[in-house]
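Undergrad: Chains A and B supply the protein sequences, listed in that same order. Using numbering that gives the first Met the number 0, the first residue of the first sequence is number 0, and each one after it goes up by one. Using numbering that gives the first Met the number 0, the first residue of the second sequence is number 0, and each one after it goes up by one. All residues carry an ideal CB built from backbone N, CA and C; glycine is no exception.
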Amino acid sequence: MTLNRRDFMAGTAGLLTAACGAMIPGSALAIDKIKFGSILDTSGIFDAYGKPMDMAARLAIDEINEAGGLNGASIDVTAYDTQSNMALYTQFGQKLVRQDKVDVVHGGILSASREAIRQTMRKSKTLYFYNVLYEGGVCDRNIFITGVTPSQQVEVLVPHAIKKWGKKIYVLAADYNYGQITANWIKKYAADAGAEVIAVDFFPLDVADFGSTIAKIQTAKPDMIVSVLVGGAHLSFYRQWAAAGMNKKIPMASTTLGVGNEHKVLTADEGDGILVAYNYSPELKSPANTKFLQGWTKKFGDTSLIHEIAVSNYQGVHLWAEAVRRAGSTDRTKVTEALETGLSIKGPGGLVTIDPQTHHAILDVHVMEIKNQKMNVLESALQRPPLDTQSACDLKANPDDNTQYEIKA
Amino acid sequence: MDLAAVIFVETAYAIASLILVSMGLAVVFGMMRVINLAHGEFMMMGGYTTIVAVKAGINIYIAILIIAPFVVGIIGLVVERLVIRHLYGRLVDTMLATWGLSLFFVGIVTMIFGNTTTGISTPISGFQIGDYQINGYNFFIIVLVILLLIVMYALLKGTRLGLIARGTMQRSDIAAALGYDPERIYMLTFMAGSALSGLAGAVLAPLVGLVPTSGGAYIAKSFITVVAGGPSIITGLISSAASFGFINQVFTFGISPVVGEVALLVAAVILLRLMPQGITGRFFKGKL
Numbered sequence: 000m001t002l003n004r005r006d007f008m009a010g011t012a013g014l015l016t017a018a019c020g021a022m023i024p025g026s027a028l029a030i031d032k033i034k035f036g037s038i039l040d041t042s043g044i045f046d047a048y049g050k051p052m053d054m055a056a057r058l059a060i061d062e063i064n065e066a067g068g069l070n071g072a073s074i075d076v077t078a079y080d081t082q083s084n085m086a087l088y089t090q091f092g093q094k095l096v097r098q099d100k101v102d103v104v105h106g107g108i109l110s111a112s113r114e115a116i117r118q119t120m121r122k123s124k125t126l127y128f129y130n131v132l133y134e135g136g137v138c139d140r141n142i143f144i145t146g147v148t149p150s151q152q153v154e155v156l157v158p159h160a161i162k163k164w165g166k167k168i169y170v171l172a173a174d175y176n177y178g179q180i181t182a183n184w185i186k187k188y189a190a191d192a193g194a195e196v197i198a199v200d201f202f203p204l205d206v207a208d209f210g211s212t213i214a215k216i217q218t219a220k221p222d223m224i225v226s227v228l229v230g231g232a233h234l235s236f237y238r239q240w241a242a243a244g245m246n247k248k249i250p251m252a253s254t255t256l257g258v259g260n261e262h263k264v265l266t267a268d269e270g271d272g273i274l275v276a277y278n279y280s281p282e283l284k285s286p287a288n289t290k291f292l293q294g295w296t297k298k299f300g301d302t303s304l305i306h307e308i309a310v311s312n313y314q315g316v317h318l319w320a321e322a323v324r325r326a327g328s329t330d331r332t333k334v335t336e337a338l339e340t341g342l343s344i345k346g347p348g349g350l351v352t353i354d355p356q357t358h359h360a361i362l363d364v365h366v367m368e369i370k371n372q373k374m375n376v377l378e379s380a381l382q383r384p385p386l387d388t389q390s391a392c393d394l395k396a397n398p399d400d401n402t403q404y405e406i407k408a
Numbered sequence: 000m001d002l003a004a005v006i007f008v009e010t011a012y013a014i015a016s017l018i019l020v021s022m023g024l025a026v027v028f029g030m031m032r033v034i035n036l037a038h039g040e041f042m043m044m045g046g047y048t049t050i051v052a053v054k055a056g057i058n059i060y061i062a063i064l065i066i067a068p069f070v071v072g073i074i075g076l077v078v079e080r081l082v083i084r085h086l087y088g089r090l091v092d093t094m095l096a097t098w099g100l101s102l103f104f105v106g107i108v109t110m111i112f113g114n115t116t117t118g119i120s121t122p123i124s125g126f127q128i129g130d131y132q133i134n135g136y137n138f139f140i141i142v143l144v145i146l147l148l149i150v151m152y153a154l155l156k157g158t159r160l161g162l163i164a165r166g167t168m169q170r171s172d173i174a175a176a177l178g179y180d181p182e183r184i185y186m187l188t189f190m191a192g193s194a195l196s197g198l199a200g201a202v203l204a205p206l207v208g209l210v211p212t213s214g215g216a217y218i219a220k221s222f223i224t225v226v227a228g229g230p231s232i233i234t235g236l237i238s239s240a241a242s243f244g245f246i247n248q249v250f251t252f253g254i255s256p257v258v259g260e261v262a263l264l265v266a267a268v269i270l271l272r273l274m275p276q277g278i279t280g281r282f283f284k285g286k287l
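Right, dumping it as structure tokens:
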């Protein structure tokens with residue numbers, strides 16, 4: 000690209016205008032509207048995650064607006080579809096904070112997308128909520144994370160499975176940071192429960208042929224499999240496992256199956272009996288969940304789209320709204336301080352509390368068994384803290400921290 | 000002993016699936032010299048056709064063996080008439096055009112089915128070899144590939160049609176001089192190649208979670224197999240698939256699946272360095 004003087008002048012003028020705009024206090028511009036920014040992949044390969052998340056956020060905001068808004072102001076949504084393209088996160092993230100000047104941003108799905116916009120949010124002093132199950136370790140006072148982390152899941156899932164099935168565990172994991180970190184937590188909690196991880200196999204995300212792995216697993220003769228496999232290609236494993244008749248012989252637990260409703264893609268026969276642990280199942284019996292399901296049915300009809308991270312997103316929006324009510328303002332510092340009082344809400348997945356030390360969530364984790372493409376709750380572990388992130392991150396002692404720690408189990 | 004049997008079956012399966020995914024390309028690229036970068040998408044469409052047919056209540060074997068190849072064959076025919084026939088002999092142009100086609104197909108399928116994983120279950124249940132449980136569908140694939148190879152050989156070697164096709168591929172001007180219409184033969188060959196790709200996609204559909212971009216996973220492997228195979232279509236296909244499948248499985252069982260994939264690619268690089276014309280450029284010369 001060549002830059003001539005005219006372009007340069009035009010560009011500089013634009014920048015100056017933008018800068019002047021930023022100096023006018025946000026509250027003076029929008030007295031009766033709160034600007035809510037959402038940034039999600041609602042098309043492209045991650046839309047199975049993003050679409051229900053977007054729907055859940057809109058449901059939460061409708062509920063808030065119907066109840067009279069926040070402190071008398073109604074919420075206005077500015078949503079961008081990042082089309083499963085990481086480059087668009089940077090672009091739309093900038094747009095949200097510079098042009099739309101939103102009061103809060105909720106969104107990001109993959110960890111890569113979160114990291115693409117986290118610093119933009121921090122620099123522009125825009126409060127940011129990342130409402131997704133992820134690998135843990137982000138330590139930044141500007142972000143609140145309301146999804147489950149590996150220790151929260153594994154701490155509950157693995158001991159339950161060991162009690163049920165035995166002490167020899169074979170782990171299959173996706174070969175990137177989430178898989179690696181989760182595999183480490185499985186090793187730790189297995190050892191704590193007196194069990195042993197006899198093998199860990201890592202698979203790149205595009206591996207779709209598991210024939211030899213299935214034979215290897217049979218040679219090792221474990222009491223159970225723990226799957227940390229991720230994405231469409233890895234879904235083949237469950238299918239090939241069932242095709243070999245192994246699902247009747249060696250039981251399986253998973254930390255990932257079902258996050259994007261994968262258990263509804265598998266047939267009942269392929270998925271039955273697999274043990275998982277999440278914050279949410281549509282089968283949970285609680286007033287908050289009944290209300291949520293009713294609201295969803297009224298607004299969208301089909302509740303079969305609801306999944307773990309859609310509910311995380313819904314809970315994230317309500318947590319933020321509650322904090323705005325408490326603070327009596329959308330001001331970033333005041334809202335952050337309100338959240339740091341250990342604020343909690345009753346969401347569809349149970350009580351969700353913000354942990355002031357890490358800005359992560361303390362939440363209920365339910366062990367569930369997949370049966371007929373549904374997740375039936377077997378056991379609920381109430382108010383699990385994010386132990387992994389807590390071991391590295393203390394925002395009270397070190398409020399200026401801005402790192403993602405790689406947490407060793 | 001049981002383990003040896005299991006490893007043997009897995010290796011045979013690995014070889015068979017390499018042959019299966021490369022067969023359509025072997026016809027289109029190996030015979031016609033058309034670099035079909037949309038090969039993976041033809042397979043993906045075969046998979047989707049099967050899933051749609053099965054969900055509509057059609058018997059799974061009919062869906063796999065008849066409907067999918069037929070539908071994809073027709074798509075191949077349309078593509079040949081509209082795009083490919085204008086580009087014969089222009090290697091780079093066909094590459095660009097078929098790459099565009101692949102993007103187009105991914106887009107269309109995404110619009111129709113959405114960008115989510117779909118799939119069906121395998122029709123054959125697993126069974127036991129000693130202590131080991133084996134996927135029964137693997138045998139179906141192995142047997143099917145053997146049958147396909149026999150049919151392909153018989154067709155190309157034993158029938159007049161095969162003779163004309165081979166002749167046209169070698170010297171289309173002479174074939175034309177003898178009164179055959181090369182354009183028509185090219186059209187039919189491309190259609191047959193597409194149908195084979197569709198069949199491959201259909202056969203693999205019950206084993207994988209299918210997304211519109213699934214085709215990308217096969218394209219590299221199939222090109223490597225066909226290029227390393229060299230000028231003879233069937234012998235080349237068998238010899239290169241056998242070498243790569245064997246190497247892949249040895250490393251997969253010995254170390255890990257990741258190393259298995261790496262070993263396959265390294266083997267391909269070494270093989271092409273030693274035999275730039277492919278395996279059948281040096282051995283089995285003149286075989287079909």
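#1: Using 8 angstroms as the cut-off, can you tell me whether the region 202-210 of chain A makes contact with the region 233-243 of chain A, which would need three or more C-beta pairs spanning the two stretches below that distance?
#2: Per DSSP, what kind of secondary structure is Ile-144 of chain A in: helix, strand or coil?
#3: Can you tell which of A:Met-367, A:Pro-384, A:Arg-383, A:Ile-38 has its C-alpha closest to the C-alpha of Val-376 of chain A?
#4: Could you say which of A:Thr-296, A:Thr-181, A:Ala-219, A:Ala-198 lies nearest to Thr-254 of chain A if we only look at CA atoms?
#5: Let me know if Thr-145 of chain A comes out buried or exposed under the rule of 16 or more other beta-carbons within 10 Å of its beta-carbon.
#6: Using a Cβ-Cβ cutoff of less than 7 angstroms, which residues in the same chain neighbour Ala-320 of chain A once the five nearest sequence positions on both sides are dropped?
#7: Alpha carbon to alpha carbon, how far is Ile-163 of chain B from Ser-16 of chain B? Give it in angstroms, no decimals.
#8: Quick check: the region 295-304 of chain A against the region 269-279 of chain A, are at least 3 beta-carbon pairs closer than 8 angstroms?
#9: By the criterion of Cβ-Cβ separation under 7 angstroms, what are the contact partners of Lys-248 of chain A in chain B?
#10: I'd like the list of long-range same chain contacts for Ala-252 of chain A, defined as Cβ closer than 6 angstroms, with 5 residues on each side in sequence excluded.
#11: Below 8 angstroms between beta carbons: does that hold for Tyr-88 of chain A and Ile-142 of chain A?
#12: Check the Cβ of Gly-71 of chain B against every Cβ in chain A and list those closer than 8 angstroms, keeping chain order.
#13: Is the Cβ-Cβ distance between Arg-32 of chain B and Met-186 of chain B less than 8 angstroms?
#14: Could you check how far apart the C-beta atoms of Ile-18 of chain B and Met-151 of chain B are, in whole angstroms? I think they sit under 8 angstroms.
#15: Within the 8 angstroms Cβ cut-off, does Gly-43 of chain A reach chain B?
#16: Given a limit of 9 angstroms on CB to CB distance, which residues of the region 253-280 of chain B reach chain A?
#17: Any contact of the region 287-295 of chain A with the region 75-87 of chain A, i.e. 3+ C-beta pairs under 8 angstroms?
#18: Roughly how many whole angstroms lie between the Cα atoms of Phe-7 of chain B and Phe-245 of chain B?
#19: Considering only their Cβ atoms, is the gap separating Gly-270 of chain A from Ile-369 of chain A smaller than 8 angstroms?
#20: What's the C-alpha gap between Lys-220 of chain B and Gly-125 of chain B?
#21: For Gly-214 of chain B, which of B:Tyr-47, B:Leu-287, B:Ala-262, B:Arg-159 has the nearest alpha-carbon?
#22: Taking all protein chains shown into account, decide if Asp-172 of chain B is buried (16 or more other Cβ within 10 angstroms of its Cβ) or exposed.
#23: When you compare the CB of Val-210 of chain B with every CB in chain A, is at least one pair closer than 8 angstroms?
#24: For a contact defined as C-beta to C-beta under 8 angstroms, what are the partners of Tyr-136 of chain B on chain A?
#25: Of the residues A:Lys-122, A:Leu-132, A:Asp-139, A:Ile-168, which one's Cα is nearest the Cα of Ile-108 of chain A?
#26: Can you check which of these residues, A:Gly-230, A:Gln-382, A:Val-334, A:Lys-247, is closest to Ala-173 of chain A by C-alpha distance?
#27: Within the chosen definition, does the region 53-62 of chain A reach the region 308-316 of chain A through at least 3 CB pairs nearer than 8 angstroms?
#28: Who are the near neighbours of Asp-393 of chain A in its chain, counting only those whose CB is closer than 6 angstroms to its CB and skipping five residues on each side?
#29: What is the rounded straight-line gap between the Cα of Gly-106 of chain B and the Cα of Ser-83 of chain A?
#30: Which whole runs of the alpha helix (DSSP H) in the region 56-81 of chain B are 4 residues long or more, in chain order?
#31: Counting beta carbon pairs with one atom in the region 53-72 of chain B and one in the region 239-259 of chain B, are three or more of them shorter than 8 angstroms?
#32: Restricting to Cα atoms, I'd like to know which of A:Ala-380, A:Thr-119, A:Ala-86, A:Ile-33 is closest to Asn-401 of chain A.
#33: List the residues of chain B whose Cβ lies closer than 7 angstroms to the Cβ of Val-206 of chain A, in chain order.
#34: For a cutoff of 8 angstroms on Cβ pairs, would you count Phe-7 of chain B as touching chain A?
#35: Mark Val-210 of chain B as exposed unless 16 or more other C-beta atoms lie within 10 angstroms of its C-beta, in which case mark it buried.
#36: Where does Tyr-237 of chain A sit, in a helix, a strand or coil, going by DSSP?
TA: Once the coordinates are examined:
#1: yes
#2: strand
#3: A:Met-367
#4: A:Thr-181
#5: buried
#6: Ile-63, Leu-69
#7: 29 angstroms
#8: no
#9: Gln-132
#10: Leu-156, Ala-160, Val-225, Leu-274
#11: no
#12: According to the sequence shown, residue 71 of chain B is Val rather than Gly. Result: empty, since nearest Cβ-Cβ is about 20 angstroms, beyond 8 angstroms.
#13: no
#14: About 10 angstroms; that fails the 8 angstroms criterion.
#15: yes
#16: Ser-255, Pro-256, Val-257, Gly-259, Glu-260
#17: no
#18: 10 angstroms
#19: yes
#20: 27 angstroms
#21: B:Tyr-47
#22: exposed
#23: yes
#24: Ala-242
#25: A:Leu-132
#26: A:Gly-230
#27: yes
#28: Gln-356
#29: 14 angstroms
#30: 67-81
#31: no
#32: A:Thr-119
#33: Pro-256
#34: no
#35: buried
#36: helix
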